[in-house]
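Asks:
Protein chains in written order, with full-length UniProt numbering: chain A, 1 to 331; chain B, 1 to 331.
(1) According to DSSP, residue 102(A) sits in a beta bridge with which residue or residues?
(2) Does the structure place the region 42-51 of chain A close enough to the region 295-303 of chain A that three or more beta carbon pairs sit under 8 Å?
(3) Could you check whether residue 11(A) and residue 270(A) sit closer than 8 Å to each other, using their CB atoms as the reference points?
(4) Cα-Cα, which of 131(A), 183(A) and 91(A) is closest to residue 163(A)?
(5) Beta-carbon within less than 8 Å of residue 152(B)'s beta-carbon, same chain only, minus the 5 sequence neighbours each way: which residues are those?
(6) Classify residue 57(A) as helix, strand or coil using the three-state DSSP reduction.
(7) Please decide whether residue 187(A) counts as near chain B, where near means a Cβ-Cβ distance under 8 Å.
(8) In angstroms with no decimal places, state the Cα-to-Cα distance between residue 4(B) and residue 104(B).
(9) Does the Cβ of residue 213(B) have 16 or more other Cβ atoms within 10 Å, making it buried, or fewer, making it exposed?
(10) Under three-state DSSP, which class holds residue 206(A)?
(11) 8 Å is my cut-off, CB to CB: does residue 253(A) come that close to chain B?
(12) Based on DSSP bridge pairs, tell me the residues matched to residue 80(A).
(13) Relative to chain A, which residues along the region 263-285 of chain B have a C-beta separation below 9 Å, given in chain order?
(14) Please classify residue 294(B): does DSSP put it in a helix, a strand, or coil?
(15) Cβ of residue 13(B) within 8 Å of Cβ of residue 177(B)?
(16) By DSSP's criteria, residue 332(B) is part of a beta bridge. Which residues make up the other side?
(17) For residue 93(A), verify whether its CB is less than 7 Å away from any heavy atom of the ligand SAH.
(18) Can you check which of these residues, 42(A), 94(A) and 75(A), is closest to residue 69(A) by C-alpha distance?
(19) Examine chain A for any beta-carbon lying closer than 8 Å to the beta-carbon of residue 113(B), and answer yes or no.
(20) Nearest chain A C-beta to residue 164(B) closer than 8 Å, yes or no?
(21) Identify the continuous alpha helix (DSSP H) that holds residue 175(B) and give its terminal residues.
(22) Starting from residue 120(A), trace the alpha helix (DSSP H) both ways and give me its first and last residue.
(23) Does DSSP put residue 213(A) in a helix, in a strand, or in coil?
(24) Is residue 234(A) close to chain B, meaning its C-beta is less than 8 Å from at least one C-beta of that chain?
(25) Is residue 167(A) buried or exposed, if buried means 16 or more other CB atoms sit within 10 Å of its CB?
(26) Please list the partners that residue 154(B) has in chain A, where partner means a Cβ-to-Cβ separation under 7 Å.
(27) Which two residues bound the contiguous beta strand (DSSP E) that contains residue 249(B)?
(28) Considering residue 183(B), what are the terminal residues of the beta strand (DSSP E) in which it resides?
(29) Looking at the secondary structure, which residues open and close the alpha helix (DSSP H) in which residue 224(A) lies?
(30) Determine, for residue 261(B), whether the minimum Cβ-Cβ distance to residues of chain A falls below 8 Å.
(31) Nearest chain A C-beta to residue 94(B) closer than 8 Å, yes or no?
(32) At least one CB of chain B closer than 8 Å to the CB of residue 161(A): is that the case?
(33) For residue 75(A), count neighbouring Cβ atoms within 10 angstroms of its own Cβ and tell me buried if that reaches 16, exposed if not.
(34) Just to make sure I have the definition right: I need the residues of chain E whose C-beta is within less than 8 Å of the C-beta of residue 223(A). Which are they?
(35) Are residue 249(A) and residue 161(A) close, meaning C-beta to C-beta below 8 Å?
(36) Count the C-beta pairs between the region 222-238 of chain B and the region 288-298 of chain A that are closer than 8 Å, then say yes if the count reaches three, no if not.
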């Protein structure tokens, strides 16, 4: 599909679009697609060559919503589902069979979608914890950061945090092409019993030397020492991660949530949210997400799914990435 | 003292300077003043008419540091102390006796200072929990926000959070002159058992209706719904606090720390940090604080101390605010 970088990319980081430009669109199940916002996101991502939409949901609602946004649905595939839970189960089944290479949350509660994805028998488990990552692009500088986990794991255990780190490191390597510097955030750079997150960060730093190859992991670091070279200089911290972190691992969901939202709302950063650790990437969107964030998340998912398809043993088959959804599914 | 708004105010919010302009300088103990950074902060605050410095610490180190920054110490009072713990105890005693109306952290570990202030017999306890608040000023818009507690209480209990809120509400009323809208932050606006901070915020919302007069308190709110009217509109949240919060109460220290540092480092916001709940305000500074933040914190302390001096029964006596440090203490 020819890529048309039209006005719909407004605000979507150019670097992401460039990286995904070499990839084929990924067949992507839009779960509960029957709302104007969900369909508009799918249409934009399709127009940009990021996804081949497979619209799962109530066909009447999908048709109505399509009319309301002036989309003929030409070339899109519609898979009927009687309710949200069914839409989630069907989308997950399409991913298991290799008919889609990514899921995109439509007009459905996150819990309903994740319940189907986490089903021990029929879900998308890979043995690794499902974790959420926000790929952030800061305006002007174009600086990229990953913040994790700001959306799924509330108060992650050390083992869960190990998976959070593993998943984010893989994401960074796929998207950025290099070994990331990972900062384990706390509110201090001292390891002290008064601040349990600083003790955890210290333990994780040592664990990751064995458990997470391909990354430099260090903590505890407060945010200034993770992102500001000047602050690191003033406080005489010379670790490679100090002031130069690519990935910020937060100690709890509230920290990540406030941090990414501060960057979005006060700085106009673009936040692309994705669930990792499942057999296919899952694009999570929020009702308040601007178009740029939706496009960016689809681009991230395409990069993750596209590169994975070339990896032997990766769950998403390369053939599906190039062949699109199974013909029988097309409307 | 004539106020000279010279270059040293660079970056310090004009609104704060205007508010403090009508007040007398507050005799302020600079605790462990014997470092160039500590002395420079004291000098700037004194030059601007915010404080009358009472320099507590090693006299030789104070004299050396003064020379290194080219300050003659004219008009400043030096009180010798043999070590940091002694400096903290002496500064606290000066506050107890009414000889100073504020403390300013110099070259001393926060714990050492707070240990003296928290001493049950000889400290500055008021019966209310010591809490920390950052008064934030955002550039361009000049929007003001209080973030609390990002520096002292790690994982506050509900009772501690009540004091965090009480102290911040008083601060806002002193500095801003109006009843604040208080957002209890979580990562979601839903009250759900999966996110304990959302349950806490819900309980606190009800508690505060009785316990915290003069403020509108509401949560749980994620940051976007606390600060962005647009996000509140999209998510159909019409509470007066939604999108219009003056005070952000964070569920844990890591959230507050990352949030205020994100605003400082990515947005160039000015963060003025102060300890509340003690008999006098305590200005906490960090080594990495820029001059604007140090001045802003001194201005906040002046406003808190100055207004308190006019309140019957308030710990800091009005006479001390106008008379300066006790004559016997002057060097």
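No residue lacks a Cβ here, since even glycine has one placed at the ideal position from N, Cα and C.
Replies: On the basis of the data shown:
(1) In the DSSP output, where bridge partners are listed per residue, residue 102(A) has 28(A).
(2) Segments in contact, yes.
(3) Yes, Cβ-Cβ distance for residue 270(A) and residue 11(A) is below 8 Å.
(4) Nearest option by C-alpha distance: 131(A).
(5) Excluding positions up to five away in sequence, the list reads 114, 130, 131, 132, 253 and 275.
(6) In the structure shown, residue 57(A) sits in a strand (DSSP, three-state: E or B).
(7) Taking Cβ atoms only, chain B reaches closer than 8 Å to residue 187(A), which makes this a yes.
(8) Residue confidence is low: residue 4(B) scores 40 on pLDDT, short of 50, so the model does not pin down where it sits. No coordinate-derived value is stated.
(9) Exposed.
(10) The answer is helix: DSSP assigns residue 206(A) an H, G or I state.
(11) Using beta-carbon distances, residue 253(A) counts as an interface residue toward chain B, with a partner under 8 Å.
(12) According to DSSP, which records beta bridges pairwise, residue 80(A) is partnered with 57(A).
(13) Taking 9 Å as the Cβ-Cβ cut-off against chain A, the residues of the region 263-285 of chain B that qualify are 263, 264, 265, 266, 267 and 269.
(14) Residue 294(B) falls in the helix class under three-state DSSP.
(15) No, they are not a contact pair.
(16) No statement about residue 332(B) is possible, as the shown extent of chain B runs from 1 to 331 and does not include it.
(17) Looking at this structure, you won't find the ligand SAH or any other ligand, since it has none at all.
(18) Checking every option, the nearest Cα to that of residue 69(A) belongs to 42(A).
(19) Residue contact check for residue 113(B) against chain A: no CB pair falls below 8 Å.
(20) Chain A has no Cβ within less than 8 Å of the Cβ of residue 164(B).
(21) Residues 158-176.
(22) Per DSSP, residue 120(A) is not a residue of any alpha helix (DSSP H), being assigned neither H nor E.
(23) Residue state for residue 213(A) is assigned as coil, using DSSP reduced to three classes.
(24) With its beta carbon less than 8 Å from one in chain B, residue 234(A) belongs to the interface.
(25) Counting Cβ neighbours within 10 Å, residue 167(A) comes out buried, since at least 16 surround it.
(26) What residue 154(B) touches in chain A: 194 and 195.
(27) First-last of the beta strand (DSSP E) with residue 249(B): 247-249.
(28) From DSSP, the beta strand (DSSP E) with residue 183(B) extends over 181-185.
(29) Residues 223-227.
(30) With 8 Å as the cut-off, residue 261(B) counts as an interface residue toward chain A.
(31) False, the Cβ-Cβ gap to chain A never drops below 8 Å.
(32) With a threshold of 8 Å between beta carbons, residue 161(A) makes no contact with chain B.
(33) Exposed.
(34) No chain E is part of this structure, whose protein chains are labelled A and B.
(35) Residue 249(A) places its beta carbon less than 8 Å from that of residue 161(A).
(36) At 8 Å Cβ cutoff, the stretches touch.
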